[in-house]
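Colleague: The structure follows.
2 protein chains.
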Amino acid sequence: MNIPKSKNPRIVIIGGGFAGIALAKQLRNKKVQVVLLDKHNYHTFQPLLYQVATGGLEAGSIAYPIRKVFQEYHDFYFRLTSVREIDSQNKKVITEIGDLSYDYLVIATGSKTNYFGNKEIERNAMAMKTIPQSLNIRSLILENFEQAVLTKDNTEKNSLINFVLVGGGPTGVELAGALAEMKKEILQKDYPDLDIAKMGIHLIQAGDRILDSMSEKSSQEAEKFLKKLGVTIWKNLRVTNYDGRTITTNSDLTFDTATVIWTAGVQGALVAGLDGNSLIEKIKRIRVNEFNQVKGYDTVFAMGDIAMMESEEYPLGHPMMAQPAMQQGKLLGENLIKLIKKQPMKPFEYHDKGSMATIGRNKAVVDLHKFHFSGVFAWFVWMFVHLFFLIGFRNRAVVFLNWVYNYIRFDREGRLIIRPFKKKIFVTFTSDEV
Amino acid sequence: MNIPKSKNPRIVIIGGGFAGIALAKQLRNKKVQVVLLDKHNYHTFQPLLYQVATGGLEAGSIAYPIRKVFQEYHDFYFRLTSVREIDSQNKKVITEIGDLSYDYLVIATGSKTNYFGNKEIERNAMAMKTIPQSLNIRSLILENFEQAVLTKDNTEKNSLINFVLVGGGPTGVELAGALAEMKKEILQKDYPDLDIAKMGIHLIQAGDRILDSMSEKSSQEAEKFLKKLGVTIWKNLRVTNYDGRTITTNSDLTFDTATVIWTAGVQGALVAGLDGNSLIEKIKRIRVNEFNQVKGYDTVFAMGDIAMMESEEYPLGHPMMAQPAMQQGKLLGENLIKLIKKQPMKPFEYHDKGSMATIGRNKAVVDLHKFHFSGVFAWFVWMFVHLFFLIGFRNRAVVFLNWVYNYIRFDREGRLIIRPFKKKIFVTFTSDEV
Numbered sequence: 070m071n072i073p074k075s076k077n078p079r080i081v082i083i084g085g086g087f088a089g090i091a092l093a094k095q096l097r098n099k100k101v102q103v104v105l106l107d108k109h110n111y112h113t114f115q116p117l118l119y120q121v122a123t124g125g126l127e128a129g130s131i132a133y134p135i136r137k138v139f140q141e142y143h144d145f146y147f148r149l150t151s152v153r154e155i156d157s158q159n160k161k162v163i164t165e166i167g168d169l170s171y172d173y174l175v176i177a178t179g180s181k182t183n184y185f186g187n188k189e190i191e192r193n194a195m196a197m198k199t200i201p202q203s204l205n206i207r208s209l210i211l212e213n214f215e216q217a218v219l220t221k222d223n224t225e226k227n228s229l230i231n232f233v234l235v236g237g238g239p240t241g242v243e244l245a246g247a248l249a250e251m252k253k254e255i256l257q258k259d260y261p262d263l264d265i266a267k268m269g270i271h272l273i274q275a276g277d278r279i280l281d282s283m284s285e286k287s288s289q290e291a292e293k294f295l296k297k298l299g300v301t302i303w304k305n306l307r308v309t310n311y312d313g314r315t316i317t318t319n320s321d322l323t324f325d326t327a328t329v330i331w332t333a334g335v336q337g338a339l340v341a342g343l344d345g346n347s348l349i350e351k352i353k354r355i356r357v358n359e360f361n362q363v364k365g366y367d368t369v370f371a372m373g374d375i376a377m378m379e380s381e382e383y384p385l386g387h388p389m390m391a392q393p394a395m396q397q398g399k400l401l402g403e404n405l406i407k408l409i410k411k412q413p414m415k416p417f418e419y420h421d422k423g424s425m426a427t428i429g430r431n432k433a434v435v436d437l438h439k440f441h442f443s444g445v446f447a448w449f450v451w452m453f454v455h456l457f458f459l460i461g462f463r464n465r466a467v468v469f470l471n472w473v474y475n476y477i478r479f480d481r482e483g484r485l486i487i488r489p490f491k492k493k494i495f496v497t498f499t500s501d502e503v
Numbered sequence: 070m071n072i073p074k075s076k077n078p079r080i081v082i083i084g085g086g087f088a089g090i091a092l093a094k095q096l097r098n099k100k101v102q103v104v105l106l107d108k109h110n111y112h113t114f115q116p117l118l119y120q121v122a123t124g125g126l127e128a129g130s131i132a133y134p135i136r137k138v139f140q141e142y143h144d145f146y147f148r149l150t151s152v153r154e155i156d157s158q159n160k161k162v163i164t165e166i167g168d169l170s171y172d173y174l175v176i177a178t179g180s181k182t183n184y185f186g187n188k189e190i191e192r193n194a195m196a197m198k199t200i201p202q203s204l205n206i207r208s209l210i211l212e213n214f215e216q217a218v219l220t221k222d223n224t225e226k227n228s229l230i231n232f233v234l235v236g237g238g239p240t241g242v243e244l245a246g247a248l249a250e251m252k253k254e255i256l257q258k259d260y261p262d263l264d265i266a267k268m269g270i271h272l273i274q275a276g277d278r279i280l281d282s283m284s285e286k287s288s289q290e291a292e293k294f295l296k297k298l299g300v301t302i303w304k305n306l307r308v309t310n311y312d313g314r315t316i317t318t319n320s321d322l323t324f325d326t327a328t329v330i331w332t333a334g335v336q337g338a339l340v341a342g343l344d345g346n347s348l349i350e351k352i353k354r355i356r357v358n359e360f361n362q363v364k365g366y367d368t369v370f371a372m373g374d375i376a377m378m379e380s381e382e383y384p385l386g387h388p389m390m391a392q393p394a395m396q397q398g399k400l401l402g403e404n405l406i407k408l409i410k411k412q413p414m415k416p417f418e419y420h421d422k423g424s425m426a427t428i429g430r431n432k433a434v435v436d437l438h439k440f441h442f443s444g445v446f447a448w449f450v451w452m453f454v455h456l457f458f459l460i461g462f463r464n465r466a467v468v469f470l471n472w473v474y475n476y477i478r479f480d481r482e483g484r485l486i487i488r489p490f491k492k493k494i495f496v497t498f499t500s501d502e503v
């Protein structure tokens, strides 16, 4: 990998997400060599992926070049690669571009979509965890409408403009809201020869309320907002299969749709090589102690979504969100230095800064400890917080400018099929008879 | 294609570039049915493609959704498809999504890269005529640097950071300038473990001056600017082959490089089906008379880059640029209405509004009739004109914001490999021996 030997101990970080970036920043110019590995050359601001998918923002506005974050860091190396395996016996990681030895290894590979073993859903549904996936969703939505104008077969037409989102967490809720606004503000004008009123937006939740990680009140408010926007919410309904045409459920209900976006579950994006005892196989997460140290290992750590730290307050681990990831990254940075200096490490304590979701124009719900609020003010708080946590001044400015424009003009101009998702429009068209 | 029969005559336009958009706008709510066909759902502002390729702008800032241009037009239809063939006998176009009859057909398919029949160059060099192509170039440039840090083989390393641009027209010149600025301002900081001073930027021109469509003075100024930025200019040199590793030329000179960007020639993006007599086979352009009427056809027209209108002042046709295309589109709109009303059409006359090229920060050359100027003022004029002709307020604002940011910060944050061009980093790496 062409990384020079250093007199400093080498810390290898796998993953440049919220946790990995926070850790690497904390280690800036300390007496360590840091090697950050990621399969992308950019950091992704995942909370805004749904806006890329619905054409409200460009991909480049929520991505940030990793190398730029670390310009002028000493003894810091970035390598673009995915990791094949961890060889903890020999303290090495095996990657696509060669092996790399480590003194300390930190796994911050995040999470990926969980289809709970259903291969057919995996093949036919769309996931939204990365920028290319979001761009695929954007292309598919627009391709569907372009196909719908072509067909005279009403069943096919309805299926093409029927959208089913499986999973009523923040991602599903925010995406449903954005789709509903596209329907109201844009698609009507863009496709005058379609009856856009027939466009369906279904949000399916297995449990008995949406946003079930938030307060009861926020769930109710969000539901009210979504219904007002024309989203159909199905609760206590479980999707059993999707063959590319029809969703079947645990009830008699079925949905004919060309588009299923699956946000119903996540699992750890696990790297091979760790001992089975340190894993929770079902959700592919890694058991860590209060120092983010992987159970059974002294020099291997895990943090962020991939790590599962049981505590009294969080018996199932912390929520798989940006906040715990960033806090763990920062503390682990301090702790690794302490470990190297043979000082005692500080146990992690999560400071819950609240959670929120936006549903559309002027509509959001916010939980802040005991406080719950919703509506316009919540929406402003949501925007402010998201702008604040975006990396980079330019990204903030461009996102802000787009939001102002979209708000004033009721528009989103990113409705561009730059890389088609389907290679061809395959609708059964009828030739023009004129 | 599901386009209703209209009492108005149907005008089918193939291509939503500068010419096609100008024509369709001119026909707004006249007594005609307009069907616009394009293989993309967006209009591309081609003059700024090189900034997308070099990470200065996002793709979405220079693309504009075609359907948005034509919201609220009556009897107007857009269809996303490519055209297979023209069947002028039966007044039909054969497309990927069915046949479409026409009363009047307008071909505005623009131009594509011309490799002059060399298949090996076509396979191995990069073209830059579309947004996906520009994004591929962006990915390739960054992938090359990521590979260069890995290899210990100096020949390979040098080849990876050696860039050869073939063709000294405005595209080649502007791209060379942008690459030189990336080298100076960004790559040095992003890749501290590479000797960026060794990065080569070669501009190869077959003729005896670059920008040969502009004034002698502008050529000289541009050459001076480029040299100052560290670009090596080769004149009177013709590339004979590129096998993916080495460029051979008509002299003894060869260039070892992983990246060749080919802007050395364009040809018409011809649609099959027209009579050979109406074509100039060598450059794939369509002969039109002064009304943009295709030679030998009454109801088939061609305009923009694809059309070749000989005149006394322009014996080889008008320059293949946005200006003639827009002017032809506008006039043809008026003429088609006249033709339908059986009034005499007005012959086309090109109003040359000048030409320009930018070379980098504070540097541009402008030819305005008899006036030639260069430097900071020319650069401001270049920016103003490009912002003015961009479609859409949001695009203008976002491009402007990016330019201001890039100027102040000496940066371009679009250096993101969102869709890898190569599937894999294939450099011969050495495992880490530590």
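So the sequence lines, in the order shown, correspond to chains A and B.
For what it's worth, my numbering labels the leading residue of the first sequence as 70, then goes sequentially.
For what it's worth, my numbering labels the leading residue of the second sequence as 70, then goes sequentially.
Glycine residues also receive a C-beta, built at the ideal position from the N, C-alpha and C atoms.
#1: For a contact defined as C-beta to C-beta under 9 Å, what are the partners of Leu-209 (chain A) on chain B?
#2: Could you tell me whether the Cβ of Tyr-474 (chain A) comes closer than 7 Å to any Cβ of chain B?
#3: Expressed to the nearest angstrom, what Euclidean distance is found between the alpha-carbon atoms of Gly-186 (chain A) and Arg-354 (chain A)?
#4: Within 7 Å (strictly less), CB to CB, does Arg-481 (chain B) reach chain A?
#5: Output the boundary residues of the beta strand (DSSP E) element that contains Phe-145 (chain B).
#6: DSSP state of Lys-181 (chain B), grouped into three classes?
#7: Could you check what DSSP says for Tyr-111 (chain A) in three-state terms: helix, strand or coil?
#8: How would you call Arg-463 (chain A), buried or exposed, if buried means at least 16 neighbouring beta carbons within 10 angstroms?
#9: Compare the C-beta of Gln-289 (chain B) against all C-beta atoms of chain A and say whether one is closer than 7 Å.
#10: Please state whether the Cβ-Cβ distance between Leu-229 (chain B) and Ala-217 (chain B) is less than 7 Å.
#11: For Glu-285 (chain B), I'd like the list of residues in its chain whose CB is within less than 8 Å of its CB, leaving aside the five on either flank, ordered along the chain.
#12: Please compile the residues from chain A whose C-beta is within a distance smaller than 7 Å of the C-beta of Met-268 (chain B).
#13: Report yes if the C-beta distance between Met-197 (chain B) and Ala-266 (chain B) is below 7 Å; otherwise report no.
#14: So, is Leu-322 (chain A) buried or exposed, given that buried needs 16 or more other C-beta atoms within 10 angstroms?
#15: Would you be able to state if there are at least three C-beta pairs under 8 Å between the region 416–424 of chain A and the region 376–389 of chain A?
#16: Which runs of the alpha helix (DSSP H) fall wholly inside the region 182–246 of chain A and span at least 4 residues, in chain order?
#17: Name the chain A residues whose beta carbon is nearer than 8 Å to that of Lys-221 (chain B)?
#18: Looking at Phe-370 (chain B): is its Cβ nearer than 7 Å to the Cβ of Gln-397 (chain B)?
#19: Can you tell me whether His-455 (chain A) is helix, strand or coil according to DSSP?
#20: Once you ignore the five residues that flank Phe-457 (chain A) on each side, which residues in its own chain have a CB closer than 7 Å to its CB?
#21: Within the same chain, show all residues whose beta-carbon is closer than 8 Å to that of Thr-164 (chain B), passing over the 5 residues directly before and after it, in chain order.
#22: Measuring only the C-alpha atoms, how far is Arg-307 (chain B) from Lys-296 (chain B)?
#23: Does the beta-carbon of Gly-429 (chain B), which I'm using as the reference point, lie nearer than 6 Å to any heavy atom of the ligand MG?
#24: Can the beta-carbon of Asp-172 (chain A) be found closer than 7 Å to that of Ser-75 (chain A)?
#25: Only counting the same chain, and skipping five residues up and downstream in sequence, which positions put a Cβ closer than 6 Å to that of Pro-73 (chain A)?
#26: Using a Cβ cut-off of 9 Å, pull out every chain A residue sitting near Glu-127 (chain B), in sequence order please.
#27: Around the C-beta of Ala-341 (chain A), are 16 or more other C-beta atoms found within 10 angstroms, so that it is buried, or is it exposed?
#28: Express the C-alpha separation of Val-104 (chain A) and Ser-500 (chain B) in angstroms, rounding to a whole number.
#29: What is the residue span of the alpha helix (DSSP H) that Asn-464 (chain A) lies within?
#30: Mark Gly-86 (chain B) as exposed unless 16 or more other C-beta atoms lie within 10 angstroms of its C-beta, in which case mark it buried.
#31: Locate the alpha helix (DSSP H) running through Ala-391 (chain B), then write down its first and last residues.
#32: Taking 7 Å as the cut-off, decide whether the C-beta atoms of Arg-481 (chain A) and Gly-236 (chain A) are in contact.
#33: My understanding is that Gly-444 (chain A) touches Glu-250 (chain A), with C-beta atoms under 8 Å, so please give their C-beta distance in whole angstroms.
#34: In terms of residues, what are the limits of the alpha helix (DSSP H) holding Gln-154 (chain B)?
#35: Within 7 Å (strictly less), CB to CB, does Lys-258 (chain A) reach chain B?
#36: Hey, is Asn-305 (chain B)'s beta-carbon within less than 7 Å of any beta-carbon in chain A?
Modeller: A quick look at the data gives this:
#1: Those do not exist, as Leu-209 (chain A) stays about 13 Å from chain B at its closest Cβ, beyond 9 Å.
#2: yes
#3: 16 Å
#4: no
#5: 145–149
#6: strand
#7: strand
#8: buried
#9: no
#10: yes
#11: Arg-278
#12: Correct list: empty, because the minimum Cβ distance to chain A is about 16 Å.
#13: no
#14: exposed
#15: yes
#16: 188–193, 200–217, 223–229
#17: Asn-71
#18: no
#19: helix
#20: none
#21: Met-70, Leu-106, Arg-148, Thr-150, Ser-151, Val-152, Arg-153
#22: 20 Å
#23: No copy of the ligand MG appears in this structure; indeed no ligand is present at all.
#24: no
#25: none
#26: Glu-127, Ala-128, Gly-129, Ser-130, Val-467
#27: exposed
#28: Any reading at Ser-500 (chain B) is ruled out, since the residue's pLDDT is 49, under 50, leaving its predicted position unreliable.
#29: 462–478
#30: buried
#31: 391–409
#32: no
#33: Wrong, their Cβ atoms sit about 16 Å apart, outside the cutoff.
#34: This sequence places Glu at residue 154 (chain B); Gln is not what is there. Note, Glu-154 (chain B): premise wrong, no alpha helix (DSSP H); beta strand (DSSP E) at 152–156.
#35: yes
#36: no
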